[in-house]
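Visitor:
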Amino acid sequence: MAVSDEVRPLKSAPEFERQPPQDLAAEQSVLGGMLLSKDAIADVVEVLRST
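The working numbering numbers the first residue of the sequence shown as 251 and each following residue consecutively.
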């Protein structure tokens, strides 16, 4: 058998039954605050890095 004739199944990504938490209103509020204040950007980055 030639190497090119060998077929390997592709590994699929694992399926997760749960969705990550999401709150559209909270995300919009954070992004809006970041647009209004440069200081808010630093605060958000600090919180995100700590998690």
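C-beta: ideal position from N, C-alpha, C; glycine also. Quantities reported herein were computed from a predicted structural model and do not represent experimental measurements.
What is the rounded straight-line gap between the Cα of T301 and the Cα of S287?
Guide: Straight-line Cα distance between these residues: approximately 22 Å.
Visitor: If we call anything under 8 Å between Cβ atoms a contact, is V297 one with M284?
Guide: Going by C-beta atoms, V297 is not nearer than 8 Å to M284.
Visitor: With H, G and I counted as helix, E and B as strand and the rest as coil, what does DSSP make of V257?
Guide: Three-state result, V257: coil.
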